[in-house]
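Notes follow once the structure below has been shown.
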Amino acid sequence: MKSVPIPAELFVNNRRRLAARLGMNAVAAVHSNDIMPTNADGTMGFHQNADLFYLTGVNQEETVLLLAPGAFDEKLREVLFIRESSELLRIWEGHKLSRDEAKAVSGIANVKFLSEFPSVFRQLALESDELFLNANEYAKGVGPVETRDRRFIRECQANFPLHTYRRLAPLLYDLRLVKSSDEVDLIRKACGITRKGFLRTLEFVRPGVNEAEVEAEFAHEFIRNKGVFAYPPIICSGENNCVLHYNENDQECRSGELLLMDVGAGYGQYMSDMTRTIPVDGRFTPRQRSVYDAVLRVFRQVASAMVPGVLLRDLRTLTEKLVEQELLSLGILKSEEVEKQDPDKLLFKKYFMHGVAHSLGLDVHDVGAASRPVQPGWVLTCEPAIYVAEEKFGIRLENDILVTEDGPVDLMADIPIEGDEIESLMRR
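Under numbering that gives the first Met the number 0, residue 427 is the last one in the sequence shown; the count climbs by one each step, no gaps.
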């Protein structure tokens, strides 16, 4: 992730709010992610643990944060541990944060080297009864690779068997769901970079280009604006429109086909998530346009329903009802078939089979509970679709919506989405 300046006050406030929930007899620990191997001596690009970044702003491996609001020694109430650099490390890997630089980034006064972590943690643990430890508790996030946080949990349970262990994730996730104005500004910047990439692509796409070339156009605009791909881009033409997580991005775009692009920029660790579907030759066929406008109508109605108090499952139910109505109007479904359909095998699911919204923030599929009522400050995606596999095309549209007391705010309102505007821009 490209480094961008973020005021330390954001992270100071995040820690302050978390510390208030821990209590005075507790210690919390959050570790950085590991650098993951590939083959031989290769590694993947480093991506920071979103929880640690949320609390410190530090985007560096081998970093640990300790919070102990009731520590007897006030200097130990928040401590940041970083990797100690060396001349050899600087030669091979480049610059690492100094203690003073880590202080400036995080707003934490007490920064120590990682070698001091065991003794400091032991001191704080022996003063406390509760240990708040972190784990990736995202519903779909369980994987075979053990994180540094997970390894630390095992170590703590072996060394401090009589302590009371608490889950840090629910506290952090509750905080991360509601975005501050600074966080919203960062997401807006990510959306702005996404807009630049999309506008560049509209000028580039024509019959004969390869999906990989389209991806490269986005990459050019993202990198020049200190952005990155928030997730592997989905650039799919023709019948591949109907492959939800298509990542090959290697087919030729042909005249008469549609090009579906599910692409978002990340900026300062905050993510955006956009989907647009455009005609390869610059003009929709009448059939494509009728389905496109149907999806756009669903998008407008669902986005307007993203208000405080609504449940994500209610948004999905609304979307499914609207999609079914549009499928009937398009003649894709027949009313007599719908009236007789098996409740366990709803016919519209052949054409729309995924959710319509997820939270967005430091992660593309950000933390949050589907059963929790939406609150002001949440950022949600809105992504209805209709996939007509038998006609070899599908259409999905997606913007990022900020929930406020005064109604939903579309953070991508300035990214072209109307069919006429898309065609006009592609004809220039």
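Just so you know, even glycine gets a beta-carbon here, dropped at the ideal spot from N, CA and C. In this text, all values refer to a predicted model and were calculated from it rather than measured experimentally.
Check: Spell out a yes or no on whether the region 33-47 and the region 77-97 are touching, meaning 3 or more CB-CB pairs, one atom from each, closer than 8 Å.; Outcome: no
Check: Return the Cβ separation of Pro383 and Thr318 in integer angstroms, given the expectation that the two are a contact with Cβ distance under 8 Å.; Outcome: 5 Å
Check: Which residues bound the beta strand (DSSP E) around Lys111?; Outcome: Asn109 to Phe112
Check: What three-state label does DSSP hand Leu345 in the structure shown?; Outcome: coil
Check: DSSP on Asn12, reduced to helix/strand/coil?; Outcome: helix
Check: Roughly how far, in whole angstroms, is the beta-carbon of Ala189 from the beta-carbon of Gly226, given that I think they are within contact range, below 8 Å?; Outcome: 7 Å
Check: Which of the three DSSP states, helix, strand or coil, is assigned to His357?; Outcome: coil
Check: Span of the beta strand (DSSP E) holding Ala384?; Outcome: Ala384 to Val387
Check: In angstroms, rounded to a whole number, what distance separates the CA positions of Arg395 and Thr403?; Outcome: 25 Å
Check: Taking one C-beta from the region 18-28 and one from the region 62-81 each time, how about it: are there three or more such pairs within less than 8 Å?; Outcome: yes
Check: Using the Cβ count rule (16 or more neighbours within 10 Å means buried), how would you classify Arg14?; Outcome: buried
Check: When the Cα atoms are used, what is the spatial distance from Asp173 to Ala49?; Outcome: 14 Å
Check: Use the C-beta contact count for Ile385: other C-beta atoms within 10 angstroms, 16 or more gives buried, fewer gives exposed.; Outcome: buried
Check: For the pair the region 125-145 and the region 93-102, tell me if three or more CB-CB distances fall below 8 Å.; Outcome: no
Check: Is it buried or exposed, Ile400, if we count other Cβ atoms within 10 angstroms and call 16 or more buried?; Outcome: buried
Check: Looking only at its own chain, which residues have a Cβ that is under 6 Å from the Cβ of Gly376, when we skip the five neighbours before and after it?; Outcome: Val177 and Lys178
Check: Return the residue from the list Tyr266, Glu251 and Asn246 that minimises the CA-CA distance to Arg223.; Outcome: Tyr266
Check: Output the distance between the C-alpha atoms of Trp91 and Leu113, rounded to the nearest integer angstrom.; Outcome: 20 Å
Check: Between which two residues does the alpha helix (DSSP H) holding Glu390 run?; Outcome: First-last for Glu390: undefined, no H or E at that position.
Check: Which value, in whole angstroms, describes the spacing of the CA atoms of Asp280 and Arg205?; Outcome: 5 Å
Check: Looking only at its chain, what residues have a beta carbon closer than 7 Å to the beta carbon of Asn246, apart from the 5 residues adjacent to it on each side?; Outcome: Pro231 and Ile233
Check: Hey, quick one: how far does the beta strand (DSSP E) through Pro278 stretch, first residue to last?; Outcome: Met273 to Pro278
Check: Out of Val373, Val408, Val183 and Gln268, which has the shortest C-alpha to C-alpha gap to Asn58?; Outcome: Gln268
Check: To which residues of the same chain is Lys195 closer than 7 Å at the C-beta, ignoring the five residues directly before and after it?; Outcome: Glu220 and Asn224
Check: List the whole-angstrom C-beta distance separating Glu417 from Asp272, where the pair is believed to meet the contact cut-off of C-beta under 8 Å.; Outcome: Actually they do not touch by this definition, with Cβ atoms about 20 Å apart.
Check: Please work out which residues of its chain come closer than 7 Å, Cβ to Cβ, to His353, disregarding the five sequence neighbours upstream and downstream, and give them in chain order.; Outcome: Leu243
Check: Quick check: the Cα distance between Thr42 and Thr146, rounded to an integer number of angstroms?; Outcome: 16 Å
Check: Span of the beta strand (DSSP E) holding Thr446?; Outcome: No statement about residue 446 is possible, as the shown extent of the chain runs from 0 to 427 and does not include it.
Check: Whose C-alpha, out of Val373, Thr62, Leu424 and Ile107, is nearest the C-alpha of Glu8?; Outcome: Ile107
Check: Are three or more beta carbon pairs between the region 74-83 and the region 113-125 nearer than 8 Å?; Outcome: yes
Check: Based on the DSSP secondary-structure assignment, which residues constitute the bridge partners of Thr163?; Outcome: Glu129
Check: Could you check if Thr37 is buried or exposed, using at least 16 other CB atoms within 10 Å of its CB as the buried criterion?; Outcome: exposed
Check: If you draw a straight line from the C-alpha of Gly308 to the C-alpha of Arg371, how long is it?; Outcome: 9 Å
Check: Determine which residues share a DSSP beta bridge with Cys235 and list them.; Outcome: Leu259
Check: Exposed or buried, what is Asp72 when buried is set at 16 or more other beta-carbons lying within 10 Å of its beta-carbon?; Outcome: exposed
Check: Starting from Gly246, follow its DSSP beta bridges and name the residues at the other end.; Outcome: Sequence check: residue 246 is Asn here, not Gly. Note: Asn246 sits in no beta bridge, so no partner.
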